[in-house]
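Residue numbers (our numbering): 36 to 580. Presented below is the structure to which this report refers.
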C-alpha cells in the first residue's frame, strides 16, 4: 500500500525582519512527527528535491523544503550565506511550532545547503536535534588558498543570477576562465555580478568574510551530525575536517561517510575512467534515515557496524569501518624527493624514496609562465572540478616536476591526511607551490588522488600578505588534504610539483599588483631544494595492511 502523504505548496514562512520565505511541505499522516528542513538556492521544487522530500516523509518525517532568501519564490535579496544563519534559526523554530511537528527538527542538504546548516547551528536554535551535511564547503581560504575566487566559481554566480536557475551550457566556461583581469570574468561570461566583484576585492581574511565563516567556531555547535562527501568532491576538504573538529570538541553523535564519489555523491559506481565496483553505491536514503531514527527518535539500529567512520578504500574497492578520523592506528611514512637536478616532466630523473637525501644535491628548477598555466583537468563547468583523471599527459610539461617511486612489491594503504614539506625559491615577487599525489598504474595511467596549493605571500596565513624576497629559500608545507587509496603491487607513488593548476586556482601573475585587476604577469624562475640540510619530503598516512 502506498504511503499517504499530504502536500502543501508555497507555504509562506515569516522571518524576523518581515521577509517571507517559500516552502513546500510533504507531511506523513497521523500524529505530529519530527521535521526535516532543507533550504536551497537551487529551487526547492526540483525533481531531485521532491524525491528526497518524499523519502523522508515516507519514513515518518515532515519534509520542509525552502527557497533561501531572494531565490525562487522567497522574498528579499539573495546575498549568499549572509542571511542564512538567522533565517535558518527562524525556519527551524517555525517548523517546531506547527501542529504537524512534535517539536524536534533536523536539517539536511549538500553544498550550499550544507554550509548554511553550520551557519544556522551557530545561532543555536532550540529545536535543532541533528544535521545531515553533504559535500559542504569550508571557510574562505581553506580550500582555495590563493586569496582569489576560484575562476570556475564564476559559473556558479551565473547559475544563481536572478531568482531562477539559469541555463549555463551555452557559454564556453574554459575560455571565460582564461580572461584577464579576473575581476572581469562576469563580463567575459556575458553578465554583471556585483557579488563576484565584491569577492575579488577581499583578498585577505578581513571582517567582510566573518558572516560566512563557521569552522573557527565549530566547537560552539553541539548536535549530532552525519558528515557525507566523496574523495573526488571538489569541496571534500570540509567534511573530514569538520568531523575531526567536532569529535575533538567532544560532540556526541558524529558520523563520517566518505565514498569514491564526486560532488554528486553516490551517483554511480564509475567516476571518470575508473569503476569502483558495485559496493561503492549505497542505499544513502537508508543511511540518512537510520541516522535520524537514532539521533532524533532515539531508536536502536540494527546496523552491520557501529563505527563512527566509514570510508571507501579505493584501489581495494571496499569499505573500511574506523573509530575516528584521522584513523586511529595511522602511521606516517616519509618519502623524500630526490633527483640529479632534472625532475622536469615524467621523463626526468625525479625519484621518491625513503632514504634520506644526500648532503649535496642539485635543486630542480622550472619556469612558471602565467600565460601558459599547468592545466587542472576538469569538466567545462564547475559542477565537478576534477576526478580520478589521468595526468600522464600533463606530466610531459617541463614546468611540472615529477617524482616517482619504484614499483611497490606489496600493498600500501594510504588513508588519512597527506602533506608535502618542501623548500622553494622564486625570482618573482610571488609564486605558487602546487602539489599533487597520484597512483601510477602499471599501464602508465597516473590517477590523481589529492592536491593542495600554497601561495607564497600567504605562507603564514591569510590575515595579511607577507613579502616574498626573490632568491630566498622558504620552507613551505602544502596541505594536500585527505584520501584513502590502496597502492597495489606494481603500482608507483608519484608526486607532482608545479606553480599553477588552472582553472581550479587563479593563476599567480608573480607581481605585487592587485591580482584580481591585473592583466600582465612575469615569468617566475623557481627552484625546489632537496638536500640533506633542506630535505623536501612527502608525508603519507599509512594503515597496516
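Heads up, the beta-carbon is just placed ideally off N, CA and C, and yes, glycines get one too.
Spatial neighbours of residue 368 within its chain, please: C-beta separation below 6 Å, excluding the five flanking residues on both sides. 575, 577
From 526, 464, 82, 466, pick the residue whose C-alpha is nearest to that of residue 448; which is it? 526
Specify the secondary structure class of residue 251 as computed by DSSP and reduced to three states. helix
Find the nearest neighbour of residue 540 within the set 175, 187, 50, judged by alpha-carbon distance. 187
Distance, residue 343 Cα to residue 430 Cα: 38 Å
Helix, strand or coil: how does DSSP classify residue 457 here? strand
Quick one: give me the first and last residue of the alpha helix (DSSP H) that residue 95 is part of. Run containing residue 95: none; DSSP gives neither H nor E here.
Along the chain, where does the beta strand (DSSP E) that runs through residue 138 open and close? 136 to 145
I believe residue 290 touches residue 314 by the beta-carbon criterion, under 8 Å. Please report the beta-carbon distance rounded to the nearest angstrom. No, residue 290 and residue 314 are not in contact; Cβ-Cβ is about 19 Å, not under 8 Å.
Nearest to residue 545 by CA position, among 567, 473, 514, 461, is which residue? 461
Classification of residue 391 by the beta-carbon crowding that lies within 10 angstroms, buried from 16 upward: exposed
Answer with buried or exposed for residue 465, where buried requires no fewer than 16 other C-beta atoms within 10 angstroms of its C-beta. buried
Simplified DSSP assignment, three categories, for residue 231: helix
Assign residue 471 to buried or exposed, taking buried as 16 or more other Cβ atoms, counted over all protein chains shown, within 10 Å of its Cβ. buried
Around the C-beta of residue 44, are 16 or more other C-beta atoms found within 10 angstroms, so that it is buried, or is it exposed? exposed
For the alpha helix (DSSP H) containing residue 574, name the first residue and the last one. No alpha helix (DSSP H) holds residue 574; the beta strand (DSSP E) holding it covers 572 to 578.
Expected contact under 8 Å - CB spacing of residue 61 and residue 42 to nearest Å: 6 Å
When DSSP labels each residue in this structure, what does residue 36 get in the three-state scheme? Its pLDDT being 34, under 50, residue 36 is placed unreliably in this model, and the value from its coordinates should be taken loosely. Note: residue 36 maps to coil in three-state DSSP.
Decide if residue 554 is buried, meaning its Cβ has at least 16 other Cβ atoms within 10 Å, or exposed. exposed
Within 10 angstroms of its Cβ, does residue 363 collect 16 or more other Cβ (buried), or is it exposed? exposed
How is residue 246 classed by DSSP in three states: helix, strand or coil? helix
Do you know offhand how far residue 348's Cα is from residue 174's? 27 Å
Quick one, are the C-beta atoms of residue 590 and residue 260 less than 9 Å apart? Residue 590 lies beyond the range of the chain shown here (36 to 580); nothing can be said about it.
Residue closest to residue 109, alpha-carbon to alpha-carbon, out of 91, 182, 198: 198
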